[in-house]
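Residue numbers (this note's numbering), protein chains in the order written: chain H, 9 to 210; chain Z, 9 to 210. Yeah, the Cβ is synthetic: ideal placement off N, Cα and C, and Gly gets one too. Note that the structure is a prediction, hence the values are computed from the model and not measured.
Number of protein chains: 2
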Amino acid sequence: MTAIKRRPRDAEATRTQILDAAESLFAAQGFGSTSLAQIAQKSHSHKSLILHHFSSKDGLWQVVKERRFSHFVEERKSLFSRGGVTLEEIRNSVRAYFELLKNDPVLVQLLTRAELEQDLSCSQYDEKRLAPFVERMREAQKTGLLRSDVPPAHLLLIVTNVITQWFEARAMFAGWSELEGEDLDSSFLESVEKVFFEGAQK
Amino acid sequence: MTAIKRRPRDAEATRTQILDAAESLFAAQGFGSTSLAQIAQKSHSHKSLILHHFSSKDGLWQVVKERRFSHFVEERKSLFSRGGVTLEEIRNSVRAYFELLKNDPVLVQLLTRAELEQDLSCSQYDEKRLAPFVERMREAQKTGLLRSDVPPAHLLLIVTNVITQWFEARAMFAGWSELEGEDLDSSFLESVEKVFFEGAQK
DNA sequence: CCTTTTATTTACCGATCGTTCAATAAATAT
DNA sequence: ATATTTATTGAACGATCGGTAAATAAAAGG
């Protein structure tokens, strides 16, 4: 009589294990290039168990995105709601956004794939996520810290787009001969701060 | 006796038809979510004919990227090699890059997918493509037009990253309530120019 | 205790996947 | 004119796809 090993009966733990495996696979390979069999193997479960918990492959993909992005929203809110509106505080927010993406490449990949799919639910998250930062820009304009002839949302997008694209295409830039130096990341961040606040013009 | 309609025997025309169909499908859906059957249908050919001309699905994907990116390199070279090094010329190059991506959403999608795959061959194209622009930045620094305490490649990346990310995530921004106005694109470009050249600080 | 629910496993389904092979016919070479 | 090449077609391959149904067993409720 061979004792058959069975996964302990823990629905919530199983769900998170499946979500974790699916997240990394979807991020790295994309939705279409990832099979339920792969996810089952990586999460040490079974195809049918995945469908039992998430009803379909598409459903799983939606939950993966929702879990990650809603968590991201909370992360951002706490990042940008502290401190007063000074140039140094805005500078710190820029640095915080940079570090956030730097330390979470999977998030960057998921965001990019969601953008490619033109996922509208992700768009809602995006606006909620950035709203407090936009407000801070507007305040900084009122107090005369930042120029007022540019919409506050543009100010925000300009600096976040630079950073987001930097990490989306990080692998490409790594091979560039023009970009030497020890720490590519902090060196680039330094340049971004200079140009964003003071301008490229001499 | 029913006369069977046969595709005219033209290898080159067939190849381009297949490449065109594959390009738009890969760009919109991604490699893994696109089947040879779909490509065959869209190009009015047959699965076997695709494999005859491109040996495999992966081979086809490589050729699709190579064709598009090499063409992009030439487009860029002609864009940035004319005129002298003045602020107005650099401004024009920025506007030209903006228009280029604006008018070619398929290219933006392919670039993004290539980035996600960390396609190294695309990295080579990227450096060749941007090299003349970097050189122009360096010259502008020497003549005192642009600040010299930032690597020229950084100056380039800052402005191109803003624009690239704008069009990659264009669908998200379209739903934002903060971004009103008739022409979202030209309005954003205006802001980018202001901030890039003069800085966000007041 | 028994019943109900449900998380987990196993077996299986039809469809579609990318690929191969042989047949056909048009162009090219000899 | 004949032989060779090759672009095109159609049929078929095994593998894998996402999804279903039934069996098993652990937890929960009575």
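{"Item": "Could you pull out every residue in the same chain whose Cβ sits closer than 8 Å to the Cβ of Z:M9, ignoring the five residues on either side in sequence?", "Value": "Because Z:M9 sits at a pLDDT of 45, beneath the cut-off of 50, its placement in the model cannot be relied upon, and the following sentence gives the value as read from the coordinates. Taken in chain order, the list of residues that qualify is empty."}
{"Item": "Report the rounded CA-to-CA distance for H:L124 versus H:I166, giving the unit in angstroms.", "Value": "20 Å"}
{"Item": "Which value, in whole angstroms, describes the spacing of the CA atoms of H:Q173 and H:G92?", "Value": "28 Å"}
{"Item": "Indicate whether at least one CB of chain Z lies closer than 8 Å to the CB of H:V200.", "Value": "yes"}
{"Item": "Would you check whether the ligand NAD has a heavy atom nearer than 7 Å to the C-beta of H:D157?", "Value": "Of the ligands one can find in the structure shown there are none, so the ligand NAD has no counterpart to examine."}
{"Item": "I'd like the span of the alpha helix (DSSP H) that includes Z:P140, first residue to last.", "Value": "128 to 150"}
{"Item": "Taking H:T151 as the reference, give the member of Z:E82, Z:F181, Z:K210, Z:E186 with the closest Cα.", "Value": "Z:K210"}
{"Item": "My output table needs one value for Z:L154: the three-state DSSP class, helix, strand or coil.", "Value": "strand"}
{"Item": "Taking Cβ positions only, does H:K210 come closer than 8 Å to chain Z?", "Value": "yes"}
{"Item": "Going by DSSP, what residues sit across from H:Q70 in a beta bridge?", "Value": "Partner(s): none; H:Q70 has no beta bridge."}
{"Item": "Considering only their Cβ atoms, is the gap separating Z:E188 from H:V6 smaller than 8 Å?", "Value": "What is shown of chain H runs 9 to 210, which leaves residue 6 of chain H out entirely."}
{"Item": "Please name the residue in H:N111, H:M145, H:S156 whose C-alpha comes closest to that of H:R178.", "Value": "H:N111"}
{"Item": "Output yes if chain Z places a C-beta closer than 8 Å to the C-beta of H:S131; else output no.", "Value": "yes"}
{"Item": "Nearest-angstrom Cα distance between Z:R17 and Z:S53?", "Value": "12 Å"}
{"Item": "Terminal residues of the continuous alpha helix (DSSP H) containing Z:D191?", "Value": "Careful: Z:D191 lies outside any alpha helix (DSSP H) and carries neither H nor E."}
{"Item": "Determine the DSSP secondary structure at H:M9, reduced to helix, strand or coil.", "Value": "Because the pLDDT of H:M9 is 47, which lies under 50, any placement of that residue in the model is unreliable, and the number read from its coordinates should be weighed accordingly. DSSP places H:M9 in coil when its eight states are reduced to three."}
{"Item": "Quick check on the burial criterion: 16 or more other C-beta atoms within 10 angstroms. Buried or exposed for H:R121?", "Value": "buried"}
{"Item": "Taking CB distances under 8 Å as the criterion, tell me whether Z:I166 reaches chain H.", "Value": "yes"}
{"Item": "How many Å lie between Z:L115 and Z:F80 at the Cα?", "Value": "9 Å"}
{"Item": "Step through the CB atoms of chain Z and report whether any lies within less than 8 Å of the CB of H:Q173.", "Value": "yes"}
{"Item": "Work out the CA separation of H:E201 and H:R99 for me, nearest whole Å.", "Value": "8 Å"}
{"Item": "Assuming Z:K50 contacts Z:A29 (C-beta within less than 8 Å), just tell me the rounded distance between them.", "Value": "4 Å"}
{"Item": "Can you tell me where the alpha helix (DSSP H) with Z:T24 in it begins and where it stops?", "Value": "19 to 37"}
{"Item": "Taking 8 Å as the threshold (beta carbon to beta carbon), is Z:G183 in contact with chain H?", "Value": "yes"}
{"Item": "Nearest-angstrom Cα distance between H:L153 and Z:F106?", "Value": "28 Å"}
{"Item": "Z:G40 and H:Q37: beta carbons closer than 8 Å?", "Value": "yes"}
{"Item": "Considering only the beta carbon of each residue, do Z:D134 and H:M145 sit closer than 8 Å?", "Value": "no"}
{"Item": "Would you kindly work out how many angstroms separate the C-alpha atoms of Z:L192 and Z:S56, rounded to a whole number?", "Value": "45 Å"}
{"Item": "Determine the extent of the alpha helix (DSSP H) in which Z:W184 is found, giving its start and end residues.", "Value": "Run containing Z:W184: none; DSSP gives neither H nor E here."}
{"Item": "Which residues in the same chain have their Cβ closer than 8 Å to the Cβ of Z:V72, if we skip the five residues on either side of it in sequence?", "Value": "L27, A30, E31, F34, L118"}
{"Item": "Is the distance from the Cβ of Z:S129 to the Cβ of H:G183 below 8 Å?", "Value": "no"}
{"Item": "To test your reading of the DSSP string, which unbroken alpha helix (DSSP H) runs of 4 or more residues are found completely within the segment 98 to 126 of chain Z?", "Value": "113 to 124"}
{"Item": "Please tell me whether H:H65 and H:L44 are closer than 8 Å, where the distance is taken between their beta carbons.", "Value": "The question names His, yet the displayed sequence has Lys at residue 65 of chain H. The answer is yes: Cβ separation under 8 Å."}
{"Item": "Provide the residue span of the alpha helix (DSSP H) that contains H:T168, from first to last.", "Value": "160 to 176"}
{"Item": "Give the straight-line distance between the Cα atoms of H:L163 and H:I171, rounded to the nearest whole angstrom.", "Value": "13 Å"}
{"Item": "Please report the Cβ distance between H:A208 and Z:R84, rounded to the nearest whole angstrom; I am assuming they are in contact, meaning their Cβ atoms lie under 8 Å.", "Value": "In fact, because the Cβ distance is near 20 Å, the residues do not count as touching under 8 Å."}
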